[in-house]
Structure formats: structure tokens, C-alpha cells
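My numbering runs 1384 ahead of the 1-based position in the sequence shown.
All C-beta atoms in this analysis are idealised placements derived from N, C-alpha and C, irrespective of residue type, glycine included.
This structure is a prediction, so every number in the text was calculated from the model and none was measured.
Notes follow the structure.
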Amino acid sequence: EAVSAAADAYVDAWWSAAGGLLFGACGGLTLHSWKNIPQCPRRNNAHAAAICALATAALLTIDALLALSSAHRDEGSVRFKSKRCSP
């Protein structure tokens, strides 16, 4: 296996964080670009899409944090086992 099971959570966290960053940037830029445009259906659609992108960014950020906490929990059982002597 090219990637160990303990590193899988870090890879998931990296992809989720990257997706969150991209979706957040797209949503923010869309809101910023359409703020001086008069009310029209296209502006409303752009704002709705931007809000969806920001919501997706928030979910991906939460997913990245959950993946990192999962990785920290798994490290104790996978890579960094304590070397106790059995009684």
C-alpha cells in the first residue's frame, strides 16, 4: 500500500481544506463582483450560487477538522504505540 492507513486521514484533510479554500474563494469573489450590479434575476442567481459555495466551503472546512482530529486519535493506536512490558 502506497499510503499508510494513518496518513489517509491527513490526505483527506488536505483535500477537504483545499476544496474549502477554493469554494470559499469562489463564493467570496462572486459576492464581491456582483455587489454593485442593480437588482436583476442574474444577480439573484449569482448571489444564491455564492451562498451555496460559501456553505460548501464551511462544510469542507468542518470535514478537514474532523479528519485531522481522527488522525490524531488514530496515531496512538497505529504509529505511536507505547512499548509497555506485558505482566
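Cα-Cα separation between residue i and residue j, rounded to whole angstroms
i, j, result
"P1425", "G1404", "27 Å"
"A1401", "L1444", "6 Å"
"I1421", "A1455", "45 Å"
"A1433", "G1411", "7 Å"
"Y1394", "R1427", "38 Å"
"W1399", "A1439", "17 Å"
"A1448", "L1413", "22 Å"
Three-state class that DSSP yields for residue i in the structure shown
i, result
"D1396", "helix"
"P1425", "helix"
Sub-8 Å separation of residue i and residue j beta-carbons
i, j, result
"A1441", "A1397", "no"
Residue from the options whose Cα sits closest to the Cα of residue i
i, options, result
"I1435", "A1448, D1447, F1407 and L1449", "F1407"
"L1415", "W1399, A1437, Y1394 and V1395", "A1437"
Residue i CB to nearest heavy atom of the ligand FAD below 7 Å
i, result
"N1429", "Among the components modelled here there is no ligand, and therefore nothing to report on the ligand FAD."
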